[in-house]
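In this note's numbering, the protein residues as written are 179 to 472. Take a look at the structure set out below.
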């Protein structure tokens, strides 16, 4: 195989792995927005918190990594439930900008608390994914990247199936479509809100563990979450399929831009795409186009 083409394949495989992780993080935004119409910017910091919770359980308390992983995910879900019940639910009906700013402030608080408890220095997570070389044909791919891709793909598949066939998924879709109609059908709308926040934040925490396993953890991990926000804006804030396709596409684009143009161009390309997407299709490629009568 031509060396240049082989290198391109390896870069693309790495981009797909990163894109799968972006899609999984974007799913956290979509779950919360789909149910509550709240853009939770603190998803980025919950992702960071998931990595630190795993570090605390695995390195601090010497738990097995396979026990620390579900505990970190559960911890993220608990944070989501507390935030929804204590901060978000009392603000239902308020100006959306006010609720959005609450999530911005919450993110800053989570970063501050994390730095107080664990410091601001980057840390390495205890190894729980094999580092043995993995080859797809002649192309090398990091085993951590491959595992991340598989885990993210399985999680996305499970969520798609749940939304299609599970009663709770149907209730969430009904609530997202029309809260008043959902109430009239006997759906516990506040309960749906809580479940969406718990599952969304648990998903973000799990993504944080996977991200930390690849590159370590730090209090600046939230930047990755902002890239995932770009994914949901491009794909559609209320579209799981948009999160999947947008995440994979953005992962590829970032990988190509970083490799062939330089790392400093990755953010330029990412947020340049965001601006273009908002101008051309503000509701996203797969998002719901809402028409309002004046």
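Glycine residues also receive a C-beta, built at the ideal position from the N, C-alpha and C atoms.
According to DSSP, residue 318 shares a beta bridge with 313. DSSP lists no bridge partner for residue 263.
Restricting attention to alpha helix (DSSP H) runs no shorter than 4 residues, the stretch 377–432 encloses them at 400–413, ordered along the chain. Here the C-alpha atom of residue 404 lies approximately 15 angstroms from the C-alpha atom of residue 379.
Here residue 371 is not near residue 272, since their CB atoms are 8 angstroms or more apart.
Under the DSSP definition of a beta bridge, residue 301 partners with 395. For residue 192, same chain residues with a beta-carbon under 8 angstroms away, outside a window of 5 residues either side, are 319, 320, 323, 433 in chain order.
If you draw a 10 Å sphere on the C-beta of residue 222, you find 16 or more other C-beta atoms in it, and that means buried. Cα atoms of residue 317 and residue 408: separation of roughly 29 angstroms, rounded to the nearest angstrom. Distance from the CA of residue 213 to the CA of residue 294, rounded to the nearest whole angstrom, comes to 33 angstroms.
Counting C-beta pairs closer than 8 angstroms gives fewer than three between the stretch 450–463 and the stretch 206–220, which falls short of the contact rule.
Counted as a single uninterrupted DSSP element, the stretch harbouring residue 308 is not any alpha helix (DSSP H), since DSSP gives it neither H nor E.
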